[in-house]
Every structure is written in C-alpha cells, then in structure tokens.
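Participant: Take a look at this one; I'll ask things after.
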Amino acid sequence: MAKPKNLEQLRAEKEQVETQLAQEQHKLERLENRKKYLEKGERQKRTHRLCNLGGTIESLAPEFKDLTRTEMTELMEYIFSLPEVQRAVRHMAITHINKANGGKELKVDGTISSECHAD
10 MAKPKNLEQL RAEKEQVETQ LAQEQHKLER LENRKKYLEK GERQKRTHRL CNLGGTIESL
70 APEFKDLTRT EMTELMEYIF SLPEVQRAVR HMAITHINKA NGGKELKVDG TISSECHAD
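Just so we're aligned, residue 10 is where the sequence shown starts under our numbering, counting upward by one.
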C-alpha cells in the first residue's frame, strides 16, 4: 500500500498541478487567438476579392453603380442565364482548372487526363 503523503508534499503537488493548468490555459488561449487571426485573414481576403470584382464591374459598366442591389441581382441573373455567357464561364473555369493542374486537361466527365498537351 502507498504511503500517505504529508501536507508539504500535497502542497507541492498542488502547486505543480496549478502551474501545469496555467500553462495549458495559456496554450489554449494562444491557439484560440491563432484561429481568430486565420479566420480574420480569410474574411479580409474575401472582402478584398469582392471589392476588386465590384470595381471591375463598375469600370466595365459605370451605370451599374446607380442600380439598387435588387436591380443588380436581376441584371446579373439575366446575364448569367444567357447560353453564351454560361459557355464562356464554363470555358474560363475549365481553363483555370487545367492551368492549376499543370496543363492536364479536364475531361467532359470531370476527370483529369494524365496526358500533357503542348500548346
């Protein structure tokens, strides 16, 4: 059977455990701060991208900035429902994916070919 600990041993053990607890709480706080920092960064990147996109649209069609949000949405829905726009968007997306995959082509079924074609 284990020897019962005296009061001084228990106090030392308690102090050690409290120190370890404080360290773990500090570690948790640092991890939570890191998570907030990374999430904030993603939001900032998205906001930056959306502002650039809106600026591009306004530069191509200055009248766009005079429209309400509802009117802009209706116009965008109309534009993106046009078959030639849908084809252009699909083409640009496939081109982007092909470039991202090191020149490998995206097949119609959504798979990536293993062949590399020279332009």
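Cβ coordinates follow ideal geometry from the N, Cα and C atoms, glycine included.
If you're wondering where the values come from, they're calculated on a predicted model, not measured in any experiment.
First and last residue of the alpha helix (DSSP H) that includes Leu47?
Facilitator: Segment 16-69, the alpha helix (DSSP H) holding Leu47.
Participant: Which of helix, strand or coil does DSSP assign to Pro13?
Facilitator: coil
Participant: Can you give the Cα-Cα distance for Tyr46 and Arg55, rounded to whole angstroms?
Facilitator: 14 Å
Participant: So Val94 packs on Ile103, CB below 8 Å; how close in whole Å?
Facilitator: The pair is not a contact, with the Cβ atoms about 15 Å apart (cut-off 8 Å).
Participant: From Asn61 to Ser68, what distance separates their C-alpha atoms?
Facilitator: 10 Å
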